[in-house]
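Participant: Quick one: this structure, given as structure tokens, is what I'll be asking you about.
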Amino acid sequence: MNTVAVIGGGASGMMAAVTAASNGSHVILLEQNDKIGKKLLSTGNGRCNFTNINQEPVFYHSENPEFPWQVVGHFNAQNIISFFLQIGVYSKNRNGYIYPNSDQARAVLDVFRMEIDRLGIEVRTGIRCREIRPVKQGFSITTVHGTIRADRVILCTGSKAAPSTGSDGSGYGLAKDLGHRIIPVLPALVQLRCRENFFRRIAGVRAQGTVSIWSEDMCIARDTGEIQLTDYGISGIPVFQVSRYASKLLYEKKEVYAYLDFMPDLTKEQMCAFLRARASARPDKSGGMFLTGLFHQKLSDLWIRLAGVPADRNAGELSDEDLEKLAGMIKEFRVCVTAANPFEKAQVCCGGVDTREVEPETMESLYVPGLYFAGELLDVDGMCGGYNLTFAWASGYTAGLAASGAFAPQDSKD
């Protein structure tokens, strides 16, 4: 019987193990934590947003941009929903975001554990892999507890994100030793730290708006949603969505700025006209209270101060220049990004094993026959909304199917 060693017991590793075992392989699942699936429990704030029915290539990022979409085509959102229904998870749809009906990430992990038991998968926890060496008719895997032989190996050890869950980046060294190039690994889906010292004044404020990342007078990325202001900088889903671009620019030693637009539905000219009408409607209102009822008071106070508008001047006395400065604060609030938060705070990473060295139809190494990859170890990162788990399931399924000797399916989008 074909023996497949799956190194890493996260989302992609469990999927790879279950798929290979379902197709007739003897599977050994090696996990360095004391339990499998630890990181899965924290996904979706503990509710596990395990896929999304809204799928487009732009939701996935890689230095090899076609690769993620090719892989997702092997096991798409409908395939994922069907798979989980088959093993026991009934799902519910929240505007395209798919969750278990129980709203419990633990339910997803529990059904995987039951499936692993049902298939007779040999799970070994507390096992750290030190070396993978191709040998005649397979591989020799050196661990702290001895040597394991396998016909094929699926490497899915995760990234460096959230190391408290066991993602320590050890798989990058294993892949590199086997001849694979590692694209610089950086925090993604993470908060951004900013230079300005006024953030302590506005910490805790949440506001709808658009975040755009700029460098060298070019807009690199933007996203809209609820912006969270912290004592060190900016957070929230739209910040997470653009953070990978800031990380990469900072790694390249470039200056990075974020522009925050707190009224994205209006142009700057429309914002100026709106403020003029507001001043005319209540000309006796003080400058310090001019924006009260429109924005959070902490933000209003900051903008009034930075714009140099005297707080005791009546709204009717504000000049066009005063109103234009305030409109600029609201529409083009520029802050200097100095760093992304560290791996400990990141949900995923950008960078990893160069996907140009991996066959997308099978997830097999182009350098080492019988070696496969899946999950976050690869240079693929998705947007918030279930896309990283979608890639984990799709890549794990494809690798498990190929490693078992079964044929990879045709692209389900065709």
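Be aware that the sequence shown starts at 33, since it is given in this note's numbering, and climbs by one per residue. Quick reminder that beta carbons are idealized off the backbone N, C-alpha and C, glycines included.
(1) Skipping 5 residues on each side, what residues in its chain have a beta carbon closer than 7 Å to that of Q442?
(2) Identify whether Q102 lies in helix, strand or coil by the three-state DSSP scheme.
(3) What separation, rounded to the nearest whole angstrom, lies between the Cα atoms of A43 and G190?
(4) Just checking my contact of V369 with D413 at CB under 8 Å: how many whole Å lie between their CB atoms?
(5) Where are the beta strand (DSSP E) runs, 3 residues long or more, that stay fully inside the stretch 294–350, in chain order?
(6) When the Cα atoms are used, what is the spatial distance from N34 to G432?
(7) Tell me whether L403 sits in a helix, a strand or coil according to DSSP, three-state version.
(8) Who pairs with F144 in a beta bridge, going by DSSP?
(9) Quick check: is the beta carbon of L117 nearer than 8 Å to any beta carbon in chain B?
(10) Under the assumption that I60 contacts I180 (Cβ atoms under 8 Å), give the Cβ distance between them as a whole number of angstroms.
(11) Whose C-beta lies closer than 6 Å to the C-beta of G383 among residues of the same chain, with five residues either side of it excluded?
(12) Helix, strand or coil: which one does DSSP assign to S279?
(13) Rounded to whole angstroms, what is the Cα-Cα separation between T157 and H177?
(14) Give the straight-line distance between the Cα atoms of R150 and S436, rounded to the nearest whole angstrom.
(15) Quick check: the Cα distance between G41 and N77, rounded to an integer number of angstroms?
(16) By the DSSP assignment, the beta strand (DSSP E) with A239 in it spans what residues?
(17) On the three-state DSSP scale, how would you describe Q260?
(18) Which residues does DSSP pair with F365 in a beta bridge?
(19) Alpha carbon to alpha carbon, how far is V167 from A434? Give it in angstroms, no decimals.
(20) For Q223 and Q169, what's the separation of their Cα atoms in angstroms?
(21) Report the option in R160, I85, A49 and E284 whose CA atom is closest to the CA atom of D66.
(22) So the alpha helix (DSSP H) R232 belongs to, where does it begin and stop?
(23) Can you tell me whether I119 is buried or exposed? The criterion is at least 16 other CB atoms within 10 Å of its CB, across all chains shown.
(24) Is the distance from the Cβ of D255 to the Cβ of Q273 below 8 Å?
(25) Would the stretch 273–289 count as touching the stretch 331–339 if we require 3 or more Cβ pairs under 8 Å?
(26) Do T262 and F306 have their beta-carbon atoms positioned less than 8 Å apart in this structure?
(27) Buried or exposed: M46, going by 16 or more other Cβ atoms within 10 Å of its Cβ?
(28) Which residues in the same chain as E356 place their Cβ atom closer than 7 Å to its Cβ, once the five residues preceding and following it in sequence are excluded?
(29) Under 8 Å Cβ to Cβ from P132, same chain only, skipping five residues before and after it: list those, please.
(30) Does DSSP put N65 in a helix, in a strand, or in coil?
(31) At 3 residues or longer, what runs of the beta strand (DSSP E) sit wholly inside the stretch 132–188?
Facilitator: Walking through what the data contain:
(1) Note on Q442: pLDDT 48, under 50, position unreliable in the model; the coordinate value appears next. None.
(2) helix
(3) 9 Å
(4) In fact, because the Cβ distance is near 18 Å, the residues do not count as touching under 8 Å.
(5) none
(6) Straight across, the Cα-Cα distance linking N34 with G432 is about 12 Å.
(7) strand
(8) Under DSSP, F144 shares a beta bridge with no residue.
(9) This model lacks chain B altogether; it includes just one protein chain.
(10) 6 Å
(11) I215, P216, V217, L218 and D411
(12) Residue state, collapsed to three classes: helix.
(13) 11 Å
(14) 17 Å
(15) 20 Å
(16) R238 to S247
(17) If DSSP states are grouped into helix, strand and coil, Q260 belongs with the strands.
(18) L292
(19) 20 Å
(20) Between the alpha carbons of Q223 and Q169 lies a distance of about 47 Å.
(21) R160
(22) F231 to I234
(23) exposed
(24) yes
(25) no
(26) no
(27) buried
(28) C304
(29) R79, C80, F82, F116, V121, Y122, S123, K124, A139 and V140
(30) Looking at N65 - three-state DSSP - the assignment turns out to be coil, as it is neither helix nor strand.
(31) 154–157, 161–167, 170–175, 178–182 and 184–187
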